[in-house]
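Visitor: Protein sequence lines, in the order shown, are assigned to chains A and B. In terms of the numbering used here, the first sequence opens at residue 1 and continues consecutively. In terms of the numbering used here, the second sequence opens at residue 331 and continues consecutively. Structure below; questions to follow.
2 protein chains.
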Amino acid sequence: MSQGPQFVGLDVGGTTMKAAVVDDRGIPAIAVVMDTLPKRGQEAGLETMCECIRRAVAAANLSMGQIAAIGVVTPGPMDIPAGMILDPANLKPWLNVPVRDHVHKTFGILTAYQNDANAAAYGEYWVGAGRESKSMVMFTLGTGIGGGIIIDDRILEGQHSHGGELGHTRIELRDGRACGCGRRGCLEAWGSATSVVKRTREALETAPDSSLLDERVKKGEELTARVVFGAADLGDPLAVRIVDETAYVLAVGATNMMHTIDPDMIVFGGGMTAAGDPFLEQIRHYVRQLALPVPGAKTLVRFAALGSDAGFIGAAGCGRQLYRRHKGLV
Amino acid sequence: MSQGPQFVGLDVGGTTMKAAVVDDRGIPAIAVVMDTLPKRGQEAGLETMCECIRRAVAAANLSMGQIAAIGVVTPGPMDIPAGMILDPANLKPWLNVPVRDHVHKTFGILTAYQNDANAAAYGEYWVGAGRESKSMVMFTLGTGIGGGIIIDDRILEGQHSHGGELGHTRIELRDGRACGCGRRGCLEAWGSATSVVKRTREALETAPDSSLLDERVKKGEELTARVVFGAADLGDPLAVRIVDETAYVLAVGATNMMHTIDPDMIVFGGGMTAAGDPFLEQIRHYVRQLALPVPGAKTLVRFAALGSDAGFIGAAGCGRQLYRRHKGLV
Numbered sequence: 001m002s003q004g005p006q007f008v009g010l011d012v013g014g015t016t017m018k019a020a021v022v023d024d025r026g027i028p029a030i031a032v033v034m035d036t037l038p039k040r041g042q043e044a045g046l047e048t049m050c051e052c053i054r055r056a057v058a059a060a061n062l063s064m065g066q067i068a069a070i071g072v073v074t075p076g077p078m079d080i081p082a083g084m085i086l087d088p089a090n091l092k093p094w095l096n097v098p099v100r101d102h103v104h105k106t107f108g109i110l111t112a113y114q115n116d117a118n119a120a121a122y123g124e125y126w127v128g129a130g131r132e133s134k135s136m137v138m139f140t141l142g143t144g145i146g147g148g149i150i151i152d153d154r155i156l157e158g159q160h161s162h163g164g165e166l167g168h169t170r171i172e173l174r175d176g177r178a179c180g181c182g183r184r185g186c187l188e189a190w191g192s193a194t195s196v197v198k199r200t201r202e203a204l205e206t207a208p209d210s211s212l213l214d215e216r217v218k219k220g221e222e223l224t225a226r227v228v229f230g231a232a233d234l235g236d237p238l239a240v241r242i243v244d245e246t247a248y249v250l251a252v253g254a255t256n257m258m259h260t261i262d263p264d265m266i267v268f269g270g271g272m273t274a275a276g277d278p279f280l281e282q283i284r285h286y287v288r289q290l291a292l293p294v295p296g297a298k299t300l301v302r303f304a305a306l307g308s309d310a311g312f313i314g315a316a317g318c319g320r321q322l323y324r325r326h327k328g329l330v
Numbered sequence: 331m332s333q334g335p336q337f338v339g340l341d342v343g344g345t346t347m348k349a350a351v352v353d354d355r356g357i358p359a360i361a362v363v364m365d366t367l368p369k370r371g372q373e374a375g376l377e378t379m380c381e382c383i384r385r386a387v388a389a390a391n392l393s394m395g396q397i398a399a400i401g402v403v404t405p406g407p408m409d410i411p412a413g414m415i416l417d418p419a420n421l422k423p424w425l426n427v428p429v430r431d432h433v434h435k436t437f438g439i440l441t442a443y444q445n446d447a448n449a450a451a452y453g454e455y456w457v458g459a460g461r462e463s464k465s466m467v468m469f470t471l472g473t474g475i476g477g478g479i480i481i482d483d484r485i486l487e488g489q490h491s492h493g494g495e496l497g498h499t500r501i502e503l504r505d506g507r508a509c510g511c512g513r514r515g516c517l518e519a520w521g522s523a524t525s526v527v528k529r530t531r532e533a534l535e536t537a538p539d540s541s542l543l544d545e546r547v548k549k550g551e552e553l554t555a556r557v558v559f560g561a562a563d564l565g566d567p568l569a570v571r572i573v574d575e576t577a578y579v580l581a582v583g584a585t586n587m588m589h590t591i592d593p594d595m596i597v598f599g600g601g602m603t604a605a606g607d608p609f610l611e612q613i614r615h616y617v618r619q620l621a622l623p624v625p626g627a628k629t630l631v632r633f634a635a636l637g638s639d640a641g642f643i644g645a646a647g648c649g650r651q652l653y654r655r656h657k658g659l660v
């Protein structure tokens, strides 16, 4: 039986959105998923968000009157204080969508708005891998690299809603690998799941006979980061090299955060963490090599604990923060 | 006539220490300077700190009883919460020196302790270049590169007193230029005044006849960052290239902070800012090229305003923060 005030967290992605009621301890009820269908336009999108919230409340056997606050999170670029998503690449043709105000007006319930990667980090900080940390930096490894920074229970939003855009910190001085953002040398260009596949393809072109993966690619079968990590587990030298390089790059990203934010904990989340403990150990190995002695020895480096639920749990956590500030509890 | 509570700020460096009384508006009285003489040992060092504080109070025509709080800042590595400097390279043979407790016990006055680069950033945030910003990141360019991050009037100390160690963020993925810290590819290895001289020497070795500076070096005259910047002002192609490279590197550092902290303002301080507005414009040019559109357009990039006073003014500001928390004013 859930206790105390109840919150709804809604995590809006380019393909689907996911919502659930989450209680004051961070424990979620049954989650509901709906298609985002951005092409149907932003009015339809806003209505789908509200419907997803309604369904989540119904799935928890509650009524809207029992909800203390709502949190909605979306990809950027966005204006967090204005509660508005601007011109998101993954949600075309949406433009300047007043997400927070629409949800707030629809339900008449306190509504928080946040960046999805920031919210995932907050979810992990609140009840996941970072639950015992005071400050935490999270990298979410997927198509790109999302980042979130939490210090003393506060999300580092930044003054222009660009706090924690860690995928676009630069780790190559000159030229560098092309990034999806149009720049070069970004962490994302080296450390994302997309980059694992891209670097593997490049390596196969240079030395096609050196890998188990060559035949697979020649057959036209899909090459994914999971396949590359699987081949590395089987000892395929090319895949082993790509995975090792990825661990090194992510350790550079982690180390730079140790020398900037100096958190208690660095967390890696996203699909690539399915590679498991050996990959985590490789990252830790390089962190110890790269970091200054004190943070290198003391900062915990972990994988995320909440999986793809981190987004809506963190969203609900943002709603909870707003509720607690509103009530004068913090 | 100074108003309100009075604070003492003491900035302890490897060669000298500097202290002054600073009033509640951040305006300093006459500063006093004493030799640190670390080789005389840490007991003597602690006594010199106390004497320097006494002289600063006397120079302001005040008595110790009129001082509301003291702030002392030193180079690291340190344990900020413990008020202790650990094993500073610039203050050998000092080891685990209880700076804050000694000063506090000597005077019976509230005493704050902070990292010197953090304090310089706080001084600029309080009453210098960043006085109108909500959040600010400062790089102090000298022998090395110090960093300080201020968000909503709070110094980002980090969990292990390594917050804002921005000189040791990595900007080269592999190998990279050797840094004084023993690592490679650090921002400091490219962007410090020391690096300007080192890169100039390297360039002269490769192409000795290409620069005005060649004759100077052959005569055994001193080569400093100031000399290199001066030669660039005269149009010397080699010096122009070195200065341009330095501006680019500092823009990479600034951009990485825009994508991590996303402050209102980035401030560069230290001796190299004597190069003046053309150098600042070069940094801004590369920032616009390197940063994501919104922070690139909106983040102010400035030179520091307080010069070498930033350290003791910031130290006094840390004392003032402690006093205000103690009085329940914040």
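For glycine and all other residues, C-beta sits at the position ideal for the given N, C-alpha and C.
Name the residues in the segment 148–165 of chain A whose C-beta lies less than 8 angstroms from a C-beta of chain B; which are they?
Guide: Against chain B - using a Cβ distance shorter than 8 angstroms - the residues of the segment 148–165 of chain A are 149, 151, 156, 157, 158, 159, 160, 161, 162, 163, 164 and 165.
Visitor: Can you tell me whether residue 342 of chain B is buried or exposed, with buried defined as 16 or more other CB within 10 angstroms of its CB?
Guide: Counting Cβ neighbours within 10 Å, residue 342 of chain B comes out buried, since at least 16 surround it.
Visitor: Any C-beta of chain A sitting closer than 9 angstroms to the C-beta of residue 502 of chain B?
Guide: Yes, contact with chain A.
Visitor: Check each candidate in A:283, A:68 and A:40 and name the one with the smallest Cα separation from residue 95 of chain A.
Guide: Ranking the options by Cα distance to residue 95 of chain A, first place goes to A:40.
Visitor: Between residue 143 of chain A and chain B, is the shortest Cβ-Cβ distance under 9 angstroms, so that the two count as touching?
Guide: For residue 143 of chain A, the answer is no, since every Cβ of chain B falls outside 9 angstroms of its Cβ.
Visitor: Which residues in chain A have a C-beta closer than 9 angstroms to the C-beta of residue 596 of chain B? List them in chain order.
Guide: Within chain A, no residue comes near residue 596 of chain B; the closest Cβ sits about 11 angstroms away, beyond 9 angstroms.
Visitor: Tell me, please, which residues DSSP counts as bridged to residue 113 of chain A.
Guide: Answer is A:72.
Visitor: Going by CA-CA distance only, name the one from A:9, A:329 and A:34 that's closest to residue 114 of chain A.
Guide: Looking at the Cα atoms, A:9 is the closest of the given residues.
Visitor: Taking the C-alpha atoms as reference points, what is the distance between residue 579 of chain B and residue 510 of chain B?
Guide: Taking the straight line joining both Cα atoms gives about 17 angstroms.
Visitor: Could you list the residues in the segment 396–410 of chain B with a C-beta less than 7 angstroms from some C-beta on chain A, going in chain order?
Guide: Cβ contacts with chain A come from 407.
Visitor: How long is the line joining the alpha carbons of residue 23 of chain A and residue 6 of chain A, rounded to whole angstroms?
Guide: Roughly 5 angstroms separates the two Cα atoms.
Visitor: Taking Cβ to Cβ, would you say residue 647 of chain B is nearer than 9 angstroms to residue 449 of chain B?
Guide: In contact: residue 647 of chain B and residue 449 of chain B (Cβ atoms closer than 9 angstroms).
Visitor: What ranges does the alpha helix (DSSP H) occupy inside the segment 164–194 of chain A, keeping only unbroken runs of at least 4 residues that lie completely in it?
Guide: Whole alpha helix (DSSP H) segments, 4+ residues: 187–191.
Visitor: Taking Cβ positions only, does residue 423 of chain B come closer than 9 angstroms to chain A?
Guide: No - not a single Cβ of chain A is within 9 angstroms of the one on residue 423 of chain B.
Visitor: Between A:197, A:220 and A:312, which has its C-alpha nearest residue 245 of chain A's C-alpha?
Guide: Taking only the C-alpha atoms, the option nearest residue 245 of chain A is A:197.
Visitor: Along chain B, in chain order, which residues have C-beta atoms closer than 9 angstroms to that of residue 104 of chain A?
Guide: Those within 9 angstroms of residue 104 of chain A in chain B number zero; the least Cβ separation is about 24 angstroms.
Visitor: What are the boundary residues of the beta strand (DSSP E) that includes residue 265 of chain A?
Guide: Residues 265–269.
Visitor: Pull up the CB-CB distance for residue 520 of chain B and residue 507 of chain B, whole angstroms please, since I reckon it's below 8 angstroms.
Guide: At roughly 6 angstroms, the Cβ-Cβ gap stays under 8 angstroms, so residue 520 of chain B and residue 507 of chain B are in contact.
Visitor: Beta carbons nearer than 7 angstroms to chain B: which residues of the segment 100–134 of chain A have them?
Guide: If the cut-off is 7 angstroms between Cβ atoms, the segment 100–134 of chain A has 134 near chain B.
Visitor: Cβ atoms of residue 291 of chain A and residue 260 of chain A: under 9 angstroms apart, would you say?
Guide: Contact flag unset, no.
Visitor: Assuming residue 379 of chain B contacts residue 433 of chain B under a Cβ cut-off of 8 angstroms, what Cβ separation, rounded to an integer in Å, is found between them?
Guide: Their Cβ separation, rounded to whole angstroms, is 6 angstroms, which keeps residue 379 of chain B and residue 433 of chain B in contact under 8 angstroms.
Visitor: Which residues bound the alpha helix (DSSP H) around residue 298 of chain A?
Guide: 293–298 is the span of the alpha helix (DSSP H), which, as asked, contains residue 298 of chain A.
Visitor: Give the C-beta separation of residue 147 of chain A and residue 192 of chain A to the nearest angstrom, bearing in mind that I take them to be a contact with Cβ-Cβ under 8 angstroms.
Guide: That belief does not hold up - the Cβ atoms of residue 147 of chain A and residue 192 of chain A are roughly 12 angstroms apart, past 8 angstroms.
Visitor: Closest to residue 185 of chain A by CA distance: which of B:512, B:501 and B:638 is it?
Guide: Closest by alpha carbon: B:501.
Visitor: Would you list the one or two residues that DSSP bridges to residue 341 of chain B?
Guide: DSSP lists B:348 and B:403 as partners of residue 341 of chain B.
Visitor: Just checking: is the beta-carbon of residue 506 of chain B within a distance shorter than 9 angstroms of some beta-carbon in chain A?
Guide: So, interface residue.
Visitor: Does the structure place the segment 75–92 of chain A close enough to the segment 280–287 of chain A that three or more beta carbon pairs sit under 8 angstroms?
Guide: Result no; under three Cβ-Cβ pairs closer than 8 angstroms.
Visitor: Are the segment 294–310 of chain A and the segment 156–168 of chain A touching by the rule of at least three beta carbon pairs closer than 8 angstroms?
Guide: In short, these stretches do not touch, since the Cβ pair count stays below three.
Visitor: Apply the 10 Å Cβ neighbour rule to residue 551 of chain B and answer buried if 16 or more other Cβ atoms are within range, or exposed otherwise.
Guide: Answer is exposed; the Cβ neighbour count stays below 16.
Visitor: Assuming residue 74 of chain A contacts residue 93 of chain A (C-beta within less than 8 angstroms), just tell me the rounded distance between them.
Guide: With a Cβ gap of about 15 angstroms, residue 74 of chain A and residue 93 of chain A do not count as contacting.
Visitor: Are there 16 or more other CB atoms within 10 angstroms of the CB of residue 263 of chain A, so buried, or fewer, so exposed?
Guide: The residue in question, residue 263 of chain A, is buried, as its Cβ has 16 or more Cβ neighbours within 10 Å.
Visitor: Measure the Cβ-Cβ separation of residue 555 of chain B and residue 524 of chain B and say whether it is below 9 angstroms.
Guide: Contact flag set, yes.
Visitor: Residue 366 of chain B: buried (16+ other C-beta within 10 angstroms of its C-beta) or exposed?
Guide: Residue 366 of chain B comes out buried.
Visitor: Is any beta-carbon of chain A found at less than 9 angstroms from that of residue 536 of chain B?
Guide: With 9 angstroms as the cut-off, residue 536 of chain B does not count as an interface residue toward chain A.
Visitor: Considering only residues of the same chain and omitting the five flanking positions on each side of residue 359 of chain B, which have a CB-CB separation below 6 angstroms?
Guide: Closer than 6 angstroms at Cβ, skipping near neighbours: 350, 351 and 390.
Visitor: When the cut-off is 9 angstroms and only beta carbons count, does residue 420 of chain B lie next to chain A?
Guide: Residue 420 of chain B does not count as touching chain A.
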